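Chemist: In our numbering, the protein residues as written are 6 to 200. Using N, Cα and C, we set each Cβ at its ideal position, and we do this for glycine too. In this text the structure is predicted, and so the values were computed from the model without any measurement.
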Ligand SMILES: [Zn+2]
Ligand SMILES: [Zn+2]
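Right under this line is the structure:
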């Protein structure tokens, strides 16, 4: 079987992979079927495109992504915000494109959001609008409800949704990211803001 081919990109023999071949994952060092790797396309210098498995197996990739997202969640959000401010239209366009490209992922995100909010929605929830929230921020003098710092504010459920809190005006304050994140799923009497 002739698996060796000259890569148009790097100009030296490389393995031309097929799904049923085996390859070692560079992260977990296990030898796995190529079908257990995500595949990627690379451009050759002559304009041809060739497909090959990535250097990590799917399992390791997922784990790396999860670790990465958890660790860098706040950073990623910051980067997204900067990108958004640079060119809001382009950013929106890209988001829409992504949503069109991965409808099943989008459906899952919506389902998770819905499941999370389901028990929290009441008749009064429709009164929680952007305009109302902007008013709330003004009434708090643009300061975090908990720590009183002048930081970008987001809506925070005083009684977390997962603890039975409702998505209504009475249960929402404007808080900074740090307070919101550290309060998490705690009730007020279980949590102290670090000032
Ligand atoms: Zn692996
Ligand atoms: Zn705060």
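CB residue 42 to CB residue 63, shorter than 8 angstroms?
Modeler: In the chain shown, the residue the question calls residue 42 occupies position 37. In the chain shown, the residue the question calls residue 63 occupies position 58. Pairing residue 42 with residue 63 gives a Cβ-Cβ distance under 8 angstroms.
Chemist: Does the segment 168-185 come into contact with the segment 122-136, if we say contact requires no fewer than three beta-carbon pairs (one atom in each stretch) closer than 8 angstroms?
Modeler: yes
Chemist: CA-CA distance, residue 190 and residue 26?
Modeler: On the chain shown, position 185 is the one that residue 190 refers to. On the chain shown, position 21 is the one that residue 26 refers to. Answer to the nearest angstrom: the Cα atoms are 46 angstroms apart.
Chemist: What would DSSP say about residue 89, mapped onto helix, strand or coil?
Modeler: Here residue 89 corresponds to residue number 84 of the chain shown, with the count starting at 1. Helix at residue 89.
Chemist: Under the criterion of a Cβ to heavy atom distance below 7 angstroms, does residue 64 qualify as lining ligand 1?
Modeler: One-based indexing of the chain shown puts residue 64 at position 59. Yes, since a heavy atom of ligand 1 falls inside the 7 angstroms radius drawn around the Cβ of residue 64.
Chemist: Could you spell out the range, first to last residue, of the alpha helix (DSSP H) harbouring residue 175?
Modeler: For the purposes of this step, residue 175 is taken as the residue at position 170 of the chain shown. Per DSSP, residue 175 belongs to no alpha helix (DSSP H) and is neither H nor E.
Chemist: Going by the C-beta, is residue 26 closer than 7 angstroms to any heavy atom of ligand 1?
Modeler: For this step, residue 26 is matched to residue 21 along the chain shown. Every heavy atom of ligand 1 is 7 angstroms or more from the Cβ of residue 26, so no.
Chemist: Under a three-way DSSP split, which group does residue 96 fall into?
Modeler: Walking along the chain shown from the start, residue 96 turns up at place 91. Helix, per DSSP.
Chemist: Any heavy atom of ligand 1 closer than 7 angstroms to the Cβ of residue 32?
Modeler: On the chain shown, residue 32 is found 27 positions in, with the first residue counted as 1. When distances are taken from the beta-carbon of residue 32 to the heavy atoms of ligand 1, the shortest one is below 7 angstroms.
Chemist: Okay, do the segment 102-114 and the segment 136-155 touch, 3+ Cβ pairs below 8 angstroms being the bar?
Modeler: Touching, no, given that fewer than three Cβ pairs across the two stretches are closer than 8 angstroms.
Chemist: Excluding five sequence neighbours on each side, which residues of the same chain lie with their C-beta closer than 6 angstroms to the C-beta of residue 45?
Modeler: Here residue 45 is taken as the residue at index 40 of the chain shown, counted from 1. Here the set comprises 59.
Chemist: Where does residue 142 sit, in a helix, a strand or coil, going by DSSP?
Modeler: Residue 142 sits at position 137 when you count from the first residue of the chain shown. Three-state result, residue 142: helix.
Chemist: Going by CA-CA distance only, name the one from 166, 188, 144 that's closest to residue 119.
Modeler: To locate residue 119, count along the chain shown from 1; it is residue 114. When each option's Cα is compared against that of residue 119, the closest is 166.
Chemist: Return the CA-CA distance between residue 135 and residue 104, expressed in angstroms with no decimal places.
Modeler: Translated into the one-based positions of the chain shown, residue 135 becomes position 130. Translated into the one-based positions of the chain shown, residue 104 becomes position 99. Their backbone Cα atoms lie some 23 angstroms apart in a straight line.
Chemist: Taking the alpha helix (DSSP H) that residue 184 belongs to, which residues open and close that run?
Modeler: For this step, residue 184 is matched to residue 179 along the chain shown. Where residue 184 is concerned, the enclosing alpha helix (DSSP H) stretches over 182-188.
Chemist: For residue 29 and residue 145, what's the separation of their Cα atoms in angstroms?
Modeler: Position 24 of the chain shown, counted from the start, is the residue given in the question as residue 29. Position 140 of the chain shown, counted from the start, is the residue given in the question as residue 145. C-alpha separation (whole angstroms): 57 angstroms.
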